[in-house]
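J.: The sequence shown stops at residue 152 when you use the working numbering, and every number in between is there.
Sending over a structure as structure tokens; questions will come in a sec.
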Amino acid sequence: MEIIYTAEALSTGDGRNGHVATKDGLVDTDVRIPKEMGGAGGAPNPEALFAAGYAACFHSALQSIARTQKVDVADSTVGSRVHIGPNGQGGFGLAVELEVVIPGLPLEKAQELADAAHQVCPYSNATRGNIDVTITVADD
């Protein structure tokens, strides 16, 4: 793989109850265990950051595919949910749900674009075969 960009981040403190920052300073935030997992909450957590990144990356892939097909998806949105739970082997696993909405586009065409985006999105490629990813195309 020819590397065209590298993101660097550093976690300090107590992991899930610590601080994360990117080398460029654009991300610089405390992280906290969510209340649902017994923590204090009140700050982002790794799953929230992953959900934001996956939604943005997938949305970019969707728009790229649409541009090549000359389809207008300017009003599209991609929502994501990242779930965490015990994996039955003493650790934890993730599952992802992505919801694609493309107003004014027939569901069949929207599904075609979402399926194509799933093939090119770097997050989808990184997670394929490792975690369950469900993609739903919804009416606007």
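Note that CB positions come from ideal geometry on N, CA and C, so glycine has one too.
For clarity, every value in this text was computed on a predicted model and none was experimentally measured.
Can you check whether the CB of Val43 is closer than 9 Å to the CB of Ser23?
T.: For Ser23 and Val43, yes; Cβs fall inside 9 Å.
J.: So is His95 buried or exposed if we call it buried at 16+ other beta carbons inside 10 Å?
T.: So His95 counts as exposed.
J.: With distance defined between alpha-carbon atoms, name the residue in Pro118, Ser92, Leu119, Val145 nearest to Gln131.
T.: Selected option, being the one with the closest Cα: Val145.
J.: Between the alpha carbons of Met49 and Pro58, how many angstroms are there, rounded?
T.: Using only the alpha carbons, I get a separation of about 12 Å.
J.: So, do the region 51-67 and the region 97-104 have three or more beta carbon pairs nearer to each other than 8 Å?
T.: Taking 8 Å as the limit for Cβ pairs, the verdict is that the region 97-104 does not touch the region 51-67.
J.: Roughly how many whole angstroms lie between the Cα atoms of Asp36 and Thr18?
T.: Looking at the two C-alpha atoms, the distance is approximately 11 Å.
J.: Any idea if Ala122 is buried or exposed, counting beta-carbon neighbours within 10 angstroms, 16 or more meaning buried?
T.: So Ala122 counts as buried.
J.: Between the C-alpha atoms of Ile15 and Gly51, what's the straight-line distance to the nearest angstrom?
T.: Cα to Cα, Ile15 sits roughly 37 Å from Gly51.
J.: For Glu111, name the three-state secondary structure that DSSP assigns.
T.: Three-state DSSP puts Glu111 in a strand.
J.: Can you check whether the CB of Leu119 is closer than 9 Å to the CB of Ser92?
T.: Not in contact: Ser92 and Leu119 (Cβ atoms no closer than 9 Å).
J.: Take Leu74 as the anchor and find which of Val32, Ser136, Gly105 has the nearest alpha-carbon.
T.: Residue Ser136 is the option with its Cα nearest to Leu74.
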